[in-house]
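The sequence shown begins at 10 in our numbering and counts up by one.
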Amino acid sequence: MHASLAQLPVAQPIVLLTRHSLRVAADGQGFASYALPLTEVGRELAYAWGEYLCNWTGREFRACLSSPIGRCVDTALRMLGGSLDENEENRTDIIETTLLVEPGSFVLDAARLSAVFRQYGALKFINAFLSKQVEGMKHPAQGVLDILSLLYDYLPSAENSVLLAVSHDTILAAFLAVMQDEPEITSEDWPEMMEGVFLWFDGDRFEDSQVHWVWRGIKKSRLVSSFVV
């Protein structure tokens, strides 16, 4: 994440789309119950990362989106808290959206796909989705387009602002794979807890804009229109 900070634009609002912080361990196939909370270390990490990010970049969290799952909302609260000066009150509302909850923006029929997800496991399920082998899912590009549209709509206008968006590993993994035209991913591509991607847009209209992103220190760009299916 630190390598990505040096790639950010100087005077432009940005998005940080991040996985939640450290949580209680899930089962061996990567199935994490919605009830699993952050650990105490996870809460401290989210606070420290929010503090460091804003202090190092001179930016402020001016908008916040989150999956409604408790560990994501808690991550957002801690990061927002870490960015504040002592005795400063948080004035940034956390807007909960189902587009960021797993499987979220990529699914049309969640009830139908629950058993398939458990049968495949998280990584195999995402790869089947990328190769369009799973019924009840959106076209991968449409799922990404829906997330990008959400981020664009909530991006603050101030040059030093950050839109914080907290989600889950499966959402980030699928999102990044499609963004980068990767037909298949491995466990090495899987987002760690509290790992995220920075994004920003050039253009006055979403449909005509160009999206830039930095993931693990590497910057890439493409036209939003390239995702239209």
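Even for Gly, the Cβ is constructed at its ideal location relative to N, Cα and C.
Here the structure is a predicted model, which is why all the values come from computation and not from measurement.
Bridge partners - residue i, DSSP secondary structure assignment
| i | result |
| --- | --- |
| Q219 | D211, L232 |
| E204 | Paired residue(s): none; E204 is not in a bridge. |
| A72 | L172 |
| E105 | S75 |
| L47 | R32 |
| M146 | V116 |
Residue i vs residue j beta-carbon contact at 8 Å
| i | j | result |
| --- | --- | --- |
| S75 | V171 | no |
| I156 | I194 | no |
| D102 | C73 | yes |
| W224 | P22 | no |
| K229 | Q189 | yes |
| L47 | R32 | yes |
| P200 | A182 | yes |
| G51 | G90 | no |
| V233 | E216 | yes |
| L14 | W65 | yes |
| G152 | L122 | no |
| L159 | T107 | no |
| F236 | A150 | yes |
Own chain residues within Cβ distance below 7 Å of residue i, not counting five before or after
| i | result |
| --- | --- |
| S196 | L132 |
| P192 | L139, S140 |
For residue i, the three-state DSSP class (helix, strand or coil)
| i | result |
| --- | --- |
| M10 | coil |
| R225 | coil |
| T27 | strand |
| L54 | helix |
| L93 | coil |
| V19 | coil |
| V82 | helix |
| V110 | coil |
| A124 | helix |
| V155 | According to the sequence displayed, residue 155 carries Asp and not Val. Correct three-state label for D155: helix. |
| K324 | With the chain covering 10 to 238 only, the question about residue 324 has no answer from this structure. |
| S196 | helix |
| L164 | coil |
| G59 | helix |
| N99 | coil |
| D178 | helix |
Other residues of its chain near residue i: CB distance less than 6 Å, five sequence neighbours each side excluded
| i | result |
| --- | --- |
| N29 | Looking at the sequence itself, residue 29 is His, so the reference to Asn does not match. Same-chain partners within the cutoff: R80, C81, T84, V175. |
| Y143 | One point to set straight first is that residue 143 is Val, not Tyr, in the sequence displayed. Here the set comprises A137. |
Integer-rounded CB distance, given that residue j should sit under 8 Å from residue i
| i | j | result |
| --- | --- | --- |
| G226 | L25 | Not confirmed; about 15 Å, so no contact. |
| P77 | V110 | 6 Å |
| M88 | Y61 | Not quite, the Cβ-Cβ distance comes to about 10 Å (not below 8 Å), so this is no contact. |
| S92 | F126 | Contact flag wrong, Cβ pair sits at about 34 Å. |
Other residues of its chain near residue i: CB distance less than 8 Å, five sequence neighbours each side excluded
| i | result |
| --- | --- |
| D162 | F215 |
| A249 | Since the first and last residues shown for the chain are 10 and 238, residue 249 lies out of range. |
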